[in-house]
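**Student:** Residue numbers (UniProt numbering): 1 to 387. The beta-carbon is built from N, C-alpha and C at its ideal position, and this holds for glycine as well. It should be emphasised that the depicted structure is a prediction, and the values quoted were computed from it without experimental measurement.
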C-alpha cells in the first residue's frame with residue numbers, strides 16, 4: 001500500500017492548495033470589477049470545461065494508467081495559478097479559470113481509479129474510498145481559513161503565486177513517487193484469451209451502471225456549487241473574508257467527523273447514499289427557510305452528510321461496475337459532478353434576486369433521489385455490501 005500512502009500525501013497537498021482558493025476567488029473577482037452574475041458565469045465555466053477533460057480521462061486512464069494524468073493535472077493547474085496572479089481583467093480570469101477547469105478534470109478520475117485498482121477486495125476498496133474522502137476533508141479543514149489569512153497578509157497576487165508553485169512542486173514529486181498498478185488495469189478478455197489459446201474463452205455479461213444513479217452527483221454538486229457561490233458573497237472586507245474562510249472550514253470539520261466513524265462502512269452503500277442525501281436536502285431547505293439555528297451549525301450538518309454520501313457513492317459505483325472499467329465509471333461520475341457544479345452557480349447568480357438559491361439546492365437533490373433505482377440497488381449480491 002505504499003502507492004496509497006504517496007497518493008494520499010500528494011492529494012492532501014493538492015486539495016489544500018485548491019481549497020485555499022475558495023474564500024478568496026470571489027473577493028478577488030470583485031476587486032477587479034466582476035459583478036455577481038459574472039462570478040456565477042465564471043464558476044459555471046470552470047465546471048463545464050471539466051467535461052472534455054473527464055471524457056479524455058475516462059478512456060485514457062483505463063488504457064494508459066493514472067500516473068501521467070495526475071502529474072499533468074497538477075502541473076498545468078499550478079502554471080495556470082502563476083498566470084492568474086497577474087490578472088487585471090475579469091475576462092482574463094474567466095479564461096484562466098476555464099483552462100484550470102479542463103486540466104483539473106483529469107485529477108479525480110485518475111486518483112479514484114488508481115485507488116480502486118490497489119485491491120480487488122470490496123471492503124478494502126471501500127476503506128480506500130473513505131480514506132480519499134478523509135484526506136480531502138483534512139486538507140479542506142484549515143485551507144479556506146489559511147487562504148483568507150494568506151491574502152490578508154500578502155495580497156492576492158503573491159498568494160496565487162505561492163499556491164501555484166506548491167502545485168508545480170507537488171506534480172514533480174508525484175512523477176517520481178506515484179506508480180501505476182498495471183496488474184489491476186482493465187483488460188480485454190478476448191485479447192487475453194487469444195494470447196493463451198489453450199484456455200477457452202468465457203464471456204460474462206458486462207455489468208452496466210444505471211444512468212439514473214448519476215443524477216445524484218449532479219444534484220450533489222449543484223447544491224455544493226450554490227453553497228460555494230453564496231458563502232463568499234458574505235465577505236465585504238478582509239475581516240468578513242476570514243469569517244467566510246472559517247465557515248468553509250466548519251463544513252470540512254463536519255465531514256471529518258463522519259468520515260472518522262469507520263463503523264458506517266458496515267452499512268450498505270446504497271442506504272448510506274440515500275439517507276445521507278435526504279438529510280442533506282433537508283439542511284439546505286432549513287437554510288432557505290430561515291430555521292432558527294446558527295449558520296455554522298447548519299454548515300456543520302451539511303459537512304457531516306457530505307462525509308457520509310461522497311465515499312458511499314464512490315463505493316456504490318464500484319459495486320455496480322462489477323470491478324471493471326474504473327476509469328470510465330469515475331469519469332462519468334466526474335462529468336455528472338461537473339454538470340451540477342456548472343448549473344449551481346449559474347442558477348444562483350441569475351435567480352438569487354427572485355428565490356433563495358438554497359431552495360434550488362433542495363429541489364435538485366430531491367429530484368435526483370426520486371430517480372435513484374432503489375429496486376435494482378437492493379437486488380445487488382449481499383457480498384457486495386459490508387456486513
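Around the C-beta of residue 5, are 16 or more other C-beta atoms found within 10 angstroms, so that it is buried, or is it exposed?
**Tutor:** Along the chain shown, one-based indexing puts residue 5 at 5. Residue 5 comes out exposed.
**Student:** If you measure between the beta carbons of residue 267 and residue 304, is that distance less than 8 Å?
**Tutor:** One-based indexing of the chain shown puts residue 267 at position 267. One-based indexing of the chain shown puts residue 304 at position 304. No, they are not a contact pair.
**Student:** Quick test of your reading: residue 50 and residue 105, contact by CB under 8 Å. State the CB separation rounded to the nearest angstrom.
**Tutor:** Sequence index remark: in the chain shown, residue 50 carries index 50 (1-based). Sequence index remark: in the chain shown, residue 105 carries index 105 (1-based). Contact holds; Cβ gap of about 4 Å.
**Student:** Provide the residue span of the alpha helix (DSSP H) that contains residue 92, from first to last.
**Tutor:** By 1-based counting over the chain shown, the position of residue 92 is 92. Residue 92 -> alpha helix (DSSP H) spans 90-104.
**Student:** Can you give the Cα-Cα distance for residue 8 and residue 132, rounded to whole angstroms?
**Tutor:** Walking along the chain shown from the start, residue 8 turns up at place 8. Walking along the chain shown from the start, residue 132 turns up at place 132. When rounded, the distance between both Cα atoms is 7 Å.
**Student:** Could you round the C-beta distance between residue 300 and residue 250 to whole angstroms and report it? I think they count as a contact, below 8 Å.
**Tutor:** Locating residue 300 in the chain shown gives position 300, where the first residue counts as 1. Locating residue 250 in the chain shown gives position 250, where the first residue counts as 1. The pair is a contact, with the Cβ atoms about 5 Å apart (cut-off 8 Å).
**Student:** State the DSSP-derived secondary structure class of residue 14, mapped to helix, strand or coil.
**Tutor:** The residue you call residue 14 lines up with position 14 of the chain shown. It is helical.
**Student:** At the level of alpha carbons, what is the spacing between residue 351 and residue 47?
**Tutor:** Residue mapping note: residue 351 aligns to position 351 of the chain shown, counting from 1. Residue mapping note: residue 47 aligns to position 47 of the chain shown, counting from 1. Approximately 19 Å between the Cα atoms of the pair.
**Student:** Give the C-beta separation of residue 218 and residue 339 to the nearest angstrom, bearing in mind that I take them to be a contact with Cβ-Cβ under 8 Å.
**Tutor:** For the purposes of this step, residue 218 is taken as residue 218 along the chain shown, with counting starting at 1. For the purposes of this step, residue 339 is taken as residue 339 along the chain shown, with counting starting at 1. Their Cβ separation, rounded to whole angstroms, is 5 Å, which keeps residue 218 and residue 339 in contact under 8 Å.
**Student:** From residue 315 to residue 348, what distance separates their C-alpha atoms?
**Tutor:** Stepping through the chain shown from its first residue, residue 315 is reached at position 315. Stepping through the chain shown from its first residue, residue 348 is reached at position 348. One C-alpha to the other measures close to 30 Å.
**Student:** Check residue 290 in the structure and name its three-state DSSP category.
**Tutor:** For the purposes of this step, residue 290 is taken as the residue at position 290 of the chain shown. Coil, per DSSP.
**Student:** To the nearest angstrom, report how far apart residue 2 and residue 89 are at their CA atoms.
**Tutor:** Here residue 2 refers to the residue found at position 2 when the chain shown is read from its first residue. Here residue 89 refers to the residue found at position 89 when the chain shown is read from its first residue. If you take the alpha carbons of residue 2 and residue 89, they lie about 44 Å apart.
**Student:** Round the Cβ separation of residue 273 and residue 312 to the nearest angstrom and send it over; I've been treating them as touching at under 8 Å.
**Tutor:** For the purposes of this step, residue 273 is taken as the residue at position 273 of the chain shown. For the purposes of this step, residue 312 is taken as the residue at position 312 of the chain shown. About 5 Å; that satisfies the 8 Å criterion.
**Student:** Could you check what DSSP says for residue 56 in three-state terms: helix, strand or coil?
**Tutor:** The count along the chain shown starts at 1 and reaches residue 56 at position 56. Here residue 56 sits in helix by DSSP.
**Student:** Given this structure, state the Cα-to-Cα distance separating residue 22 from residue 285, to the nearest angstrom.
**Tutor:** The residue you call residue 22 lines up with position 22 of the chain shown. The residue you call residue 285 lines up with position 285 of the chain shown. Cα to Cα, residue 22 sits roughly 23 Å from residue 285.
**Student:** Note down the Cα distance separating residue 96 from residue 226, rounded to an integer number of angstroms.
**Tutor:** Start at 1 with the first residue of the chain shown, and residue 96 comes out as number 96. Start at 1 with the first residue of the chain shown, and residue 226 comes out as number 226. Each residue's alpha carbon lies about 21 Å from the other.
**Student:** Would you mind sorting residue 176 into buried or exposed? The rule is 16 or more other CB atoms within 10 Å of its CB.
**Tutor:** Reading the chain shown from its first residue, position 176 is the one you call residue 176. By the neighbour-count rule (16 or more Cβ atoms within 10 Å), residue 176 is not buried but exposed.
**Student:** Who are the near neighbours of residue 157 in its chain, counting only those whose CB is closer than 6 Å to its CB and skipping five residues on each side?
**Tutor:** To locate residue 157, count along the chain shown from 1; it is residue 157. Counting only Cβ-Cβ distances below 6 Å, and skipping sequence neighbours, we find 85.
**Student:** Using CA coordinates, which residue listed in 214, 333 and 233 is at the minimum distance from residue 244?
**Tutor:** The residue labelled residue 244 in the question sits at position 244 within the chain shown. It is 233 whose Cα lies nearest to the Cα of residue 244.
**Student:** On the CB-based measure, 16 or more other CB atoms within 10 Å of its CB, does residue 413 come out buried or exposed?
**Tutor:** Missing from the structure shown is residue 413; the chain here goes from 1 to 387 and no further.
**Student:** Have a look at 124, 91 and 71 and flag the residue whose alpha-carbon is nearest the alpha-carbon of residue 170.
**Tutor:** As a position in the chain shown, residue 170 is number 170, starting the count at 1. For residue 170, the nearest C-alpha among the options comes from 71.
**Student:** Check whether the region 328-338 touches the region 107-120, counting contact only when three or more Cβ pairs, one atom from each stretch, lie closer than 8 Å.
**Tutor:** They touch, by the three-pair rule.
**Student:** Please confirm whether residue 115 and residue 12 have their CB atoms less than 8 Å apart.
**Tutor:** Within the chain shown, residue 115 is the residue found at index 115, counting from 1. Within the chain shown, residue 12 is the residue found at index 12, counting from 1. Going by C-beta atoms, residue 115 is not nearer than 8 Å to residue 12.
**Student:** Measuring alpha carbon to alpha carbon, tell me which of 167, 280 and 63 ends up nearest residue 10.
**Tutor:** Along the chain shown, one-based indexing puts residue 10 at 10. When each option's Cα is compared against that of residue 10, the closest is 167.
**Student:** According to DSSP, simplified to helix, strand and coil, what is residue 201?
**Tutor:** Locating residue 201 in the chain shown gives position 201, where the first residue counts as 1. Low confidence applies to residue 201: its pLDDT is 36, below 50, so where it sits in the model is not reliable enough to give any reading.
**Student:** Given a threshold of 16 other Cβ atoms within 10 Å of its Cβ, counted over all protein chains shown, does residue 263 qualify as buried or as exposed?
**Tutor:** Counting from 1 along the chain shown, the entry for residue 263 is found at position 263. Residue 263 comes out exposed.
**Student:** Can you look up residue 231 in the DSSP assignment and give me helix, strand or coil?
**Tutor:** Numbered from 1 along the chain shown, position 231 holds the residue referred to as residue 231. Helix.
**Student:** Please classify residue 212 as buried or exposed, where buried requires at least 16 neighbouring CB atoms within 10 angstroms.
**Tutor:** Reading the chain shown from its first residue, position 212 is the one you call residue 212. Classification for residue 212: exposed.
**Student:** Is residue 151 near residue 145, with beta carbons less than 8 Å apart?
**Tutor:** Counting from one through the chain shown, the residue named residue 151 turns up at place 151. Counting from one through the chain shown, the residue named residue 145 turns up at place 145. Cβ distance not < 8 Å, so residue 151 and residue 145 don't count as in contact.
**Student:** Should residue 298 be labelled buried (16 or more other beta-carbon atoms within 10 Å of its own) or exposed?
**Tutor:** For the purposes of this step, residue 298 is taken as residue 298 along the chain shown, with counting starting at 1. Classification for residue 298: buried.
**Student:** Compare the C-alpha of residue 359 against each of 291, 308 and 309 and name the closest.
**Tutor:** Stepping through the chain shown from its first residue, residue 359 is reached at position 359. For residue 359, the nearest C-alpha among the options comes from 291.
**Student:** Is residue 81 near residue 172, with beta carbons less than 8 Å apart?
**Tutor:** Counting from 1 along the chain shown, the entry for residue 81 is found at position 81. Counting from 1 along the chain shown, the entry for residue 172 is found at position 172. Taking 8 Å as the Cβ cut-off, residue 81 and residue 172 do not qualify as a contacting pair.
**Student:** Closer than 8 Å by C-beta to residue 29: which residues in its own chain qualify, once you throw out the five before and the five after it? Chain order, please.
**Tutor:** One-based indexing of the chain shown puts residue 29 at position 29. Only 38, 39, 42, 90 and 93 meet the Cβ criterion.
**Student:** What are the start and end residues of the alpha helix (DSSP H) that includes residue 306?
**Tutor:** Translated into positions along the chain shown, residue 306 becomes position 306. From DSSP, the alpha helix (DSSP H) with residue 306 extends over 295-321.
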